[in-house]
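K.L.:
Quick note: the sequence shown uses our numbering, first residue 1, plus one each step. Note that beta-carbon positions come from the ideal geometry of N, C-alpha and C, so glycine has one too. Once you've had a glance at the structure underneath, I'll fire off some questions.
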Amino acid sequence: MNKFELSSEVDNEKIFLINLSDIEGRIDPVYYKLKHKYSFNTVKLSNLLNDVFQGQVQGTQEQQAIKVLKVKNLDLFGNIDFDDVTYTNDMNDRKILKKGDIITPFRGQTIFTNKFAFFDSNEIVTIDNNLGIIRLDSEKIIPKFFRYYISSKIGFNEILKNVGGAGIPALTKDIIANIDVPILSFEKQQTIIRIMDNTYLKKQQKEQEAKKLLESIDSYLLDELGITLPEVDKALEKRIFEVNFSEISGWRFDPDYKIKMNNLENLTWSFPLVELKDIIIGNSQYGANETAQIPKSENDIRYIRITDIDELGLLKDGDWRTVSKIEEQYLLNYNDILFARSGSVGKCYIHKNMDKKSIFAGYLIRFVLNKEKINPDYLFFYCNSSIYRYWVSAIERPAVQSNINSEEYKSLKIPLPLIEKQNEIADYIQAIRDKAKQLQREAKKALEDAKIEVEKLILGN
């Protein structure tokens, strides 16, 4: 009998064949698409389990004996935040975490975030009902190896193919029990643990070095500009003051504004101050009020939102968005400066990437700088400094969502040394940022390489 084969024109990523004898009680294609062929034998996780359970409490802010972990307390690298937690006293011993437990999201879209943590702490801890615990038989499998396995691409595909279905995603004991785990010797499991532990340690060291470099920028900038941050005096007499009604600004009378602006006015500046309005060309501009959409092509124009900008004022890697309606008036030019007017108020971004056309969203304000008066990079770095953040904390108007409008941004005072000094400061800070970025790239690359090596060991390649 001739073997049936699909046409070579068929997209193998969308259509594939499977033998009837390989059907395992379900017919959804994702399940079979994600199945891996191991060189090792595999075993169902049900044979390696001691217990599986879902958390059940939400906890309270009142500090009590038992900490309650939530999904937000886990990161993508298996770290656990034990500080930002709620508390409970009402918990049976079974649901108090033990060393070696694997913590996993248990319901909702958080299942797909690949947040798995290995619990190895002396803290007295339980979990809320969005998390679950996988408790393994350590005589059959090393729990820490399982954490690295299940968070690998291969292991995480086991989660994806078993969850499946419609409605609200949820892990159950049956789903977890059905996960395929490759049978590896304890020696090979320890090898994988050693590779990943060493890689995470190196990653952490590089990231700490990068963090120290970035933190050094602020003190360098303030020193170069001869600025000393105002000291916060919490004495009662320093927090109470009188002011004549005639002295109250027509648009501001909140005390925090008054105190901080007075502090800024009383600072000694080593260079002349100019306001932002004095170094821009034309008027400021608010962005496009459009609904963000998933791009259909790499050639689509990018829609830059506040959430796309990280804490260093750089565009985040990963997902980006576009819009259906593109107006040329919102297209960004090289060295355009954007400020967040609401939400993450004060956040600043300088546009550099001209390889992809981009427009900006409505909660951002664009300023075009006069490059004969100011180095755009110098201004951008100044607007990532602690003295700038102090000004933001003064000028932002208290509300459900803090905000600063374009006229208020125009009043920002900026120390303006000669252009040669601006260039020197900008070049120095850029070099520090580049070095920190390189360390971060090295840390990321080391982790990616280690994961590939581990996946080869798991697959038996």
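1. Taking 8 Å as the threshold (C-beta atoms), are residue 136 and residue 41 in contact?
2. Checking the sheet assignment: what are the DSSP bridge partners for residue 88?
3. According to DSSP, is residue 343 helix, strand or coil?
4. Can you give me the Cβ contacts of residue 178 inside the same chain, cut-off strictly under 8 Å, excluding the 5 residues immediately before and after it?
5. Could you spell out the range, first to last residue, of the alpha helix (DSSP H) harbouring residue 420?
6. Can the beta-carbon of residue 393 be found closer than 8 Å to that of residue 260?
7. Could you tell me whether the stretch 276-296 touches the stretch 429-439, where touching means 3 or more Cβ pairs closer than 8 Å?
8. Using a Cβ-Cβ cutoff of less than 8 Å, which residues in the same chain neighbour residue 273 once the five nearest sequence positions on both sides are dropped?
9. Is residue 65 buried or exposed, if buried means 16 or more other CB atoms sit within 10 Å of its CB?
10. Note down, one range per segment and in chain order, each beta strand (DSSP E) of at least 3 residues found wholly within the stretch 307-353.
11. Counting only the same chain and skipping the five closest in sequence on each side, list residues whose C-beta sits under 8 Å from that of residue 275.
12. At the level of alpha carbons, what is the spacing between residue 72 and residue 284?
13. Considering just the uninterrupted stretch of the beta strand (DSSP E) at residue 53, what are its terminal residues?
14. With a threshold of 8 Å on Cβ separation, who are the neighbours of residue 76 within its own chain once the five nearest residues in sequence on each side are excluded?
15. Here's the rule I'm using: 16 or more other beta-carbon atoms within 10 Å means buried, otherwise exposed. How should residue 467 be labelled?
16. From the DSSP secondary-structure annotation, give me the bridge partner or partners of residue 131.
17. What residue range does the alpha helix (DSSP H) around residue 378 cover?
18. If I measure Cβ to Cβ from residue 48 and keep anything under 7 Å in the same chain, skipping five residues before and after, which residues do I get?
19. Count the CB pairs spanning the stretch 119-137 and the stretch 193-205 that are closer than 8 Å, and state whether there are at least three.
20. Note down the Cα distance separating residue 310 from residue 316, rounded to an integer number of angstroms.
21. Roughly how many whole angstroms lie between the Cα atoms of residue 303 and residue 388?
22. Can you give me the start and stop residues for the beta strand (DSSP E) that residue 98 sits inside?
23. Determine the contact status of residue 396 and residue 345, defining contact as a CB-CB distance below 8 Å.
24. The beta strand (DSSP E) spanning residue 274 covers which residue range?
P.N.:
In this structure, then:
1. No, these two residues do not count as a Cβ contact at 8 Å.
2. 66.
3. When DSSP states are grouped into helix, strand and coil, residue 343 belongs to the coil group.
4. Cβ neighbours of residue 178 within its own chain (closer than 8 Å, five residues either side excluded): 44, 45, 46 and 162.
5. DSSP places residue 420 inside the alpha helix (DSSP H), whose first and last residues are 419-459.
6. Yes; because the gap between Cβ atoms is below 8 Å, this pair is in contact.
7. With the cut-off at 8 Å, the stretch 276-296 and the stretch 429-439 do not touch.
8. Short of 8 Å from the beta carbon of residue 273, and not among the five residues preceding or following it, lie these beta carbons of its own chain, in chain order: 413, 414, 415 and 416.
9. By the 10 Å Cβ count, residue 65 comes out exposed.
10. Within the stretch 307-353, the complete beta strand (DSSP E) runs of at least 3 residues are 337-340 and 348-350.
11. The beta carbon of residue 275 sits closer than 8 Å to those of 410, 411, 412, 413 and 414, all from its chain and outside the five residues before and after it, given in chain order.
12. Near 38 Å, if we compare the C-alpha coordinates of residue 284 and residue 72.
13. From DSSP, the beta strand (DSSP E) with residue 53 extends over 49-54.
14. So the list reads 113, 114 and 115, once near-sequence residues are dropped.
15. Residue numbering for the chain in the displayed model covers 1 to 461; residue 467 lies beyond these limits and cannot be assessed.
16. Under DSSP, residue 131 shares a beta bridge with 105.
17. Judged by DSSP secondary structure, residue 378 falls within the alpha helix (DSSP H) whose first and last residues are 376-382.
18. The residues are 136, 137, 140, 141 and 181.
19. Result no; under three Cβ-Cβ pairs closer than 8 Å.
20. Near 6 Å, if we compare the C-alpha coordinates of residue 316 and residue 310.
21. It is roughly 26 Å from the alpha-carbon of residue 303 to the alpha-carbon of residue 388.
22. Note, residue 98: premise wrong, no beta strand (DSSP E); not H, not E.
23. Cβ distance < 8 Å, so residue 396 and residue 345 count as in contact.
24. Per DSSP, residue 274 is one residue of the beta strand (DSSP E) stretching across 273-275.
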